[in-house]
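Trainee: So the protein sequences, as listed, match chains W and X.
24 is the number of the first residue of the first sequence in the numbering used here; add one for each residue after it.
24 is the number of the first residue of the second sequence in the numbering used here; add one for each residue after it.
Let me give you the structure first, and then I'll get to my questions.
Protein chains: 2
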Amino acid sequence: MNSNGNLNTELVVPEVVIRRLPLYVRILTQFSNRGNEVISSEQLGLLLHMTPAQIRKDLSYFGRFGKQGRGYDVTILEQKLRTILGLDRAWNAAIIGMGRLGRAVVSYPGFAPEGFNILAAFDTNEDIVGQNISGLRVKSISQLATTVKKFDIKIGIVSVPIQHAQEVIDTLVKSGIKSILNYAPLSPEVPASVNVNSIDPVLSLQSMTYYMK
Amino acid sequence: MNSNGNLNTELVVPEVVIRRLPLYVRILTQFSNRGNEVISSEQLGLLLHMTPAQIRKDLSYFGRFGKQGRGYDVTILEQKLRTILGLDRAWNAAIIGMGRLGRAVVSYPGFAPEGFNILAAFDTNEDIVGQNISGLRVKSISQLATTVKKFDIKIGIVSVPIQHAQEVIDTLVKSGIKSILNYAPLSPEVPASVNVNSIDPVLSLQSMTYYMK
DNA sequence: GTTTGTGAAGGATTTCACAGCA
DNA sequence: TGCTGTGAAATCCTTCACAAAC
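Here it is as structure tokens:
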């Protein structure tokens, strides 16, 4: 993109592009597991249902990873993208809310293989605090800040009922957390420096019904 | 928008707009439950962290619901949007995959109050078929097509492991389902007439890490 | 005075189309 | 020949700004 060096640090990459990179990583991993060494933007596009041009443009924000006439080396591209996304290391997370939803989230086997480790669980309910759930001893939320520091926790997962969600998110923010995965159905109030991503299946259903007639 | 009548049927509403409508509905419901009768686009914007202009523009795709100098009647706007989205009726769903994830989904108490009723559960595993889970007798997937017809099921929820997801989605499509809520981590192959929405917390985490340094 | 509804402007994102390289 | 990388064009989406309505 810029040609004074090989770093693109002055360019802000659009957030839509960042949200697509994990899709590329996923397909590249699958593709290399099937023994393929090279992939073209066209093949990637077919697998992801997007245009080859978009994939090439997205990748061009970060460098020139392909070879003309050939395509991309699957392993190298995967590794580059993992580094760009910060997926070349593990990330520690804490979950707040150990009701039905929280229990389902901690027992979901999809996080750990991707390097996301839920190291601590919290709840306000005194009946739940102290219980052992999926190998985690549930702590009182009053211990959140010290636990975050002690275990180098960078991600907060919110699985409390909506009435408590904003309060819990405020507590996470105060404890220094900058990234929140939110399962409660609200648009939380957070400082601009904090990133919230919400998982909201009801919203998905409610927009799908528009097209169902 | 067009001024020959009051119908905007020839205009295609952008999908981004449709995806925001459920947010408006949610806030309007909360706002009316607190006893408010009128809301302005500015108030809505503050609650949803978006600009008032965007909200007014979004609503203008469907009609003129506000009163200048006053704002929007909360109850009327909520009702109009529910009708537009098809939320003025209930929708029947079936879930396929009754492992840990499927059990969590059927026991999630957030669907039914919004009019999404999971009426049937399926699995391929013979140990699970026949079990009673959250009041649903798990059926064999071979009964999917007849059950879809019998119970007027319009939505398929996919909570099987990734290896079986595409096959299950093919089966749903063959049975006539046009709307799929997918919890498996893949970009499924479906005809253009079928709508798939994926819930993928790992993708969310993997893009958040880009900003965590 | 207040707030909507909306053309027009501005900004962001996607796609095109092709030079350049393997 | 085949495919990338990328300016330019096209498209899509958001914001502005103000006339009109209450």
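C-beta atoms are modelled at their ideal positions from N, C-alpha and C, and glycine is treated no differently.
1. Kindly list the residues whose CB is nearer than 7 Å to the CB of S198 of chain W, restricted to its own chain and excluding five residues on each side of it in sequence; keep chain order.
2. Determine, for N148 of chain W, whether the minimum Cβ-Cβ distance to residues of chain X falls below 8 Å.
3. What number of angstroms, rounded off, separates the C-alpha of Y206 of chain W from the C-alpha of R93 of chain W?
4. Using CA atoms only, rank isn't needed, just tell me which of X:L71, X:E65, X:Q186 and X:N115 is closest to Q91 of chain X.
5. Counting only beta-carbon separations shorter than 8 Å, does I156 of chain X have a partner in chain W?
6. I think I62 of chain W touches V97 of chain W, with their Cβ atoms under 8 Å apart; what is that distance to the nearest whole Å?
7. Taking Cβ positions only, does L30 of chain W come closer than 8 Å to chain X?
8. Check for me: the beta strand (DSSP E) holding F139 of chain W runs from which residue to which?
9. Flag T106 of chain X as yes if its beta-carbon sits less than 8 Å from any beta-carbon of chain W, otherwise no.
10. Counting Cβ pairs closer than 8 Å, one from the region 42-50 of chain X and one from the region 214-232 of chain W, do we hit at least three?
11. Mind pulling the chain X residues with CB within less than 9 Å of V183 of chain W?
12. Rounded to whole angstroms, what's the CA-CA distance from N29 of chain W to I118 of chain X? Just pull it up for me.
13. Check the Cβ of S227 of chain W against every Cβ in chain X and list those closer than 8 Å, keeping chain order.
14. Using a Cβ cut-off of 8 Å (strictly closer), state whether H187 of chain W contacts chain X.
15. Do you know whose CA, among X:R87, X:W114 and X:G125, lies nearest K103 of chain X's CA?
16. Among W:V152, W:M73, W:D146 and W:G179, which one has its Cα closest to the Cα of N140 of chain W?
17. With burial defined as no fewer than 16 other Cβ atoms inside 10 Å of the residue's Cβ, what is the status of I50 of chain W: buried or exposed?
18. In angstroms, rounded to a whole number, what distance separates the CA positions of I222 of chain X and N115 of chain W?
19. Tell whether a beta-carbon distance below 8 Å holds between L71 of chain X and L46 of chain X.
20. Of all the options W:M235, W:P208 and W:T52, which has the alpha carbon lying nearest to the alpha carbon of I176 of chain X?
21. Can you give me the C-alpha to C-alpha distance between P75 of chain W and V48 of chain W, rounded to a whole angstrom?
22. Go through its chain and collect everything with a Cβ distance to S163 of chain W's Cβ below 6 Å, but skip five positions before and after it.
23. On the CB-based measure, 16 or more other CB atoms within 10 Å of its CB, does G120 of chain W come out buried or exposed?
24. Taking C-alpha atoms, which residue in X:S165, X:P136, X:S202 and X:R126 lies nearest to G158 of chain X?
Mentor: In short, the structure shows the following:
1. Same-chain partners within the cutoff: L167, A168 and V171.
2. Chain X contact via Cβ: absent.
3. A direct Cα-Cα distance of roughly 43 Å separates Y206 of chain W from R93 of chain W.
4. Comparing Cα-Cα distances from Q91 of chain X to each of X:L71, X:E65, X:Q186 and X:N115, the minimum goes to X:E65.
5. The beta carbon of I156 of chain X does not come within 8 Å of any beta carbon belonging to chain W, so the residue lies off that interface.
6. The beta carbons of I62 of chain W and V97 of chain W sit about 5 Å from each other, so the pair counts as a contact at 8 Å.
7. For L30 of chain W, the predicted model reports a pLDDT of 37, less than 50, meaning its position is unreliable; a value from the coordinates is still stated below. L30 of chain W does not count as touching chain X.
8. According to the DSSP assignment, F139 of chain W belongs to the beta strand (DSSP E) that extends over F139 to D146.
9. It does not; no Cβ of chain W falls within 8 Å.
10. At 8 Å Cβ cutoff, the stretches touch.
11. Proximity of chain X to V183 of chain W at the Cβ level (cut-off 9 Å) is not reached, the minimal Cβ distance being about 13 Å.
12. In this predicted model, N29 of chain W has a pLDDT of only 33, less than 50, meaning its place in the structure is not dependable; the value taken from the coordinates is given anyway. When only Cα atoms are considered, N29 of chain W and I118 of chain X end up about 49 Å apart.
13. What S227 of chain W touches in chain X: L204, N220 and I222.
14. No, its Cβ sits nowhere closer than 8 Å to a Cβ of chain X.
15. The candidate whose alpha carbon is nearest that of K103 of chain X is X:R87.
16. When only C-alpha atoms are compared, the closest one is W:G179.
17. Buried.
18. Near 22 Å, if we compare the C-alpha coordinates of N115 of chain W and I222 of chain X.
19. Yes.
20. Each of W:M235, W:P208 and W:T52 was checked against the Cα of I176 of chain X, and the nearest Cα belongs to W:M235.
21. Rounded to whole angstroms, the separation of the alpha carbons of V48 of chain W and P75 of chain W is 16 Å.
22. A distance below 6 Å between beta-carbons, with the five flanking residues on each side excluded, links S163 of chain W to the following residues of its chain, in chain order: V152.
23. Flag for G120 of chain W reads buried.
24. Nearest to G158 of chain X by alpha-carbon distance, out of X:S165, X:P136, X:S202 and X:R126, is X:R126.
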